[in-house]
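A.B. asks:
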Amino acid sequence: MKLYKSILFGIAVCGSSTSFAQDPLVSYIQSGQAVPQWQAYVGNALNYFVPVENQQAKTPRGNLLVEPSSKDGNNDALRITWKGKKVKNQWGGNTLNDSFFALGKHKIDIAQVEDQAAIAIELKVNRSPSENVFISMQCKYSNKCSGKIPIKHQLKKLPEQEWSMLTLPLNCFSHKSTMDFSQVTNIVSISTQGKLDIEVANIGLVALPKGSKGCKS
């Protein structure tokens, strides 16, 4: 019960504004920086872990680039650009697979708010996606314990060059998936094989609107 109350308190703080609380249980990126205990990184099939350092990183072949940007102040956001490069294999497929930006290397238990909270991403779309885009979560440090949501259409609906809040109920990630919110080890991964250009200022949990059940009917 104590943990449950602290989670709800953190969500209430996060939900009160776009300035998220500095608590790794409910806040993951704040003002363009990974909240301590979380590690931001990028990757693709050539290297699945390239850490973001000093707000900068790029995948092998330079298909995904992370660099500092600004929302309200200097370097208080991240610009994440997917260039849509493909390296064909002998069967005509893409050797790189999806290139992704992720937050992981930490473990939290948010199972008690699975049906009451949502991941909120404060972002600006500079270029709408050219191909499918997914946001996923992972548990138990295993790709066999995960859940993902397609977000191409949501991103295309957002106004370009304006800051917006993309909100995704937690229980949408566990709908028809193996996601276990009691052992979350990768809180967010944004991936695509196409072109996409976004800026991200904050990522954290917010409370669902009163009466909302998320993806549960």
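Under our numbering, residues -14 to 202 are what the sequence shown spells out, in order. The beta carbon of each residue, even a glycine, is placed where N, CA and C say it ideally should be.
Cutting at 7 Å between CB atoms, please list the residues of its own chain near Leu193, excluding the five before and the five after it.
C.D. replies: Gln101, Ala102, Ala103, Pro154 and Gly199, listed in sequence order.
A.B. asks: Hey, is the region 136 to 147 in contact with the region 160 to 169, meaning 3+ C-beta pairs nearer than 8 Å?
C.D. replies: Cβ pair count under 8 Å is below three, so no.
A.B. asks: In chain order, what residues of the same chain lie with their CB nearer than 7 Å to the CB of Pro36, ignoring the 5 residues before and after it?
C.D. replies: Result list for Pro36: Gln24, Tyr26 and Ala42, in chain order.
A.B. asks: Helix, strand or coil, according to DSSP, for His91 in the structure here?
C.D. replies: Note: His91 maps to strand in three-state DSSP.
A.B. asks: In chain order, which alpha helix (DSSP H) runs of at least 4 residues are fully inside the region 141 to 190?
C.D. replies: Here the runs fully enclosed are 155 to 159.
A.B. asks: By DSSP, does Pro9 sit in helix, in strand, or in coil?
C.D. replies: Correct three-state label for Pro9: coil.
A.B. asks: Please check the pair Asn208 and Leu88, which I expect to be a contact at CB under 8 Å, by giving their CB distance rounded to whole angstroms.
C.D. replies: Residue 208 is absent from the model: the chain starts at -14 and stops at 202.
A.B. asks: Do Leu108 and Ile183 have their C-beta atoms within less than 7 Å of each other?
C.D. replies: Their beta carbons are under 7 Å apart, which means Leu108 touches Ile183 by this criterion.
A.B. asks: Would you mind sorting Tyr126 into buried or exposed? The rule is 16 or more other CB atoms within 10 Å of its CB.
C.D. replies: Tyr126 comes out exposed.
A.B. asks: Are there 16 or more other CB atoms within 10 angstroms of the CB of Met(-14), so buried, or fewer, so exposed?
C.D. replies: Low confidence applies here, because Met(-14) scores a pLDDT of 49, under 50, leaving its location unreliable; read the following figure in that light. Exposed, because fewer than 16 other Cβ atoms sit within 10 Å of the Cβ of Met(-14).
A.B. asks: Since Val118 and Leu181 are thought to touch, with beta carbons under 8 Å apart, how far apart are those beta carbons, to the nearest angstrom?
C.D. replies: That belief holds up - the Cβ atoms of Val118 and Leu181 are roughly 6 Å apart, short of 8 Å.
A.B. asks: For Cys130, which residues does DSSP report across the bridge?
C.D. replies: The partner list for Cys130 (beta bridge, DSSP) is empty, contrary to what the question assumes.
A.B. asks: Beta carbon of Ile95, beta carbon of Ile175: below 7 Å?
C.D. replies: Not in contact: Ile95 and Ile175 (Cβ atoms no closer than 7 Å).
A.B. asks: Hey, out of Ala30, Gly196 and Leu10, whose CA is closest to Gln22's CA?
C.D. replies: The shortest C-alpha separation from Gln22 is found at Leu10.
A.B. asks: With a threshold of 16 other CB atoms inside 10 Å of the CB of Asp83, please say whether the residue is buried or exposed.
C.D. replies: Buried, by the Cβ-count rule.
A.B. asks: Please classify Gln15: is it buried, with 16 or more other beta-carbons within 10 angstroms of its beta-carbon, or exposed?
C.D. replies: So Gln15 ends up on the buried side.
A.B. asks: If you run the structure through DSSP and keep just helix, strand and coil, what is Ala96?
C.D. replies: Residue state, collapsed to three classes: helix.
A.B. asks: So what's Gln40 in DSSP terms, helix, strand or just coil?
C.D. replies: In this structure, Gln40 counts as coil in the three-state DSSP scheme.
A.B. asks: Could you have a look at Pro45 and say whether DSSP puts it in helix, strand or coil?
C.D. replies: Helix, per DSSP.
A.B. asks: Among Asn156, Gln40 and Tyr33, which one has its Cα closest to the Cα of Gln18?
C.D. replies: Nearest of Asn156, Gln40 and Tyr33 to Gln18, Cα basis: Gln40.
A.B. asks: To the nearest angstrom, report how far apart Lys68 and Lys133 are at their CA atoms.
C.D. replies: Cα to Cα, Lys68 sits roughly 22 Å from Lys133.
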